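Undergrad:
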Amino acid sequence: MRTVVLATGIAAFLAGGSAFAADDQPLPPQNAKKLSEIIAKVEHRTDFRYVKEVDWDSDGYTITYYTTDKAKVQITYDPVTGEPK
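Under the working numbering, think of the first position of the sequence shown as 8, with each following residue one higher.
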């Protein structure tokens with residue numbers, strides 16, 4: 008019985024640990040543009056080829072994409088205005 012209680016406690020602790028870590032990440036403001044709208048702006052840029060990565064932090068969305076001539080471009084967008092910083 009003690010083993011079952013101990014195993015259940017450890018499992019709950021491990022499962023809850025990742026949930027607590029997720030709370031540390033900043034969230035976009037309530038009035039932020041939809042990410043899909045910002046991505047659409049990137050896709051309409053001259054010589055756009057594909058999006059490689061999208062990151063979020065308190066500064067905004069950082070979007071990494073490549074152009075048709077294989078150049079890597081990294082731009083941070085304001086989440087509220089949807090404009091590059």
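C-beta atoms are modelled at their ideal positions from N, C-alpha and C, and glycine is treated no differently. Keep in mind that this is a model prediction, so the values were computed, not measured.
#1: Taking DSSP's pairing of strands, which residues face Lys79 in a bridge?
#2: Among the candidates Val80, Pro91, Glu90, whose CA atom is the shortest distance from the CA of Asp54?
#3: Counting C-beta neighbours from all protein chains within 10 Å, is the total for Pro86 16 or more, i.e. buried, or is it exposed?
#4: What does the Cβ neighbour count give for Tyr57, buried or exposed, with the cut at 16 atoms within 10 Å?
#5: Keeping to the same chain, check which residues put their C-beta closer than 8 angstroms to that of Ile46; ignore five residues upstream and five downstream.
#6: Looking at the strands, I want to know which residues DSSP matches up with Asp64.
#7: Since Ala47 is in the alpha helix (DSSP H), which residue starts that stretch and which ends it?
TA: Concretely, from the data shown:
#1: Position 72 of the sequence shown, counted from the first residue, corresponds to residue 79. BP columns for Lys79 point to Tyr73.
#2: On the sequence shown, position 47 is the one that residue 54 refers to. Of the listed residues, the one whose Cα sits closest to Asp54 is Val80.
#3: On the sequence shown, residue 86 is found 79 positions in, with the first residue counted as 1. Label assigned to Pro86: buried.
#4: Position 50 of the sequence shown, counted from the start, is the residue given in the question as residue 57. Exposed, since its Cβ has fewer than 16 Cβ neighbours within 10 Å.
#5: Counting from 1 along the sequence shown, the entry for residue 46 is found at position 39. Answer for Ile46: Val58, Val61, Ile70, listed in chain order.
#6: Reading the sequence shown from its first residue, position 57 is the one you call residue 64. Asp64 is bridged to Gly67.
#7: Numbered from 1 along the sequence shown, position 40 holds the residue referred to as residue 47. 42-50 is the extent of the alpha helix (DSSP H) around Ala47.
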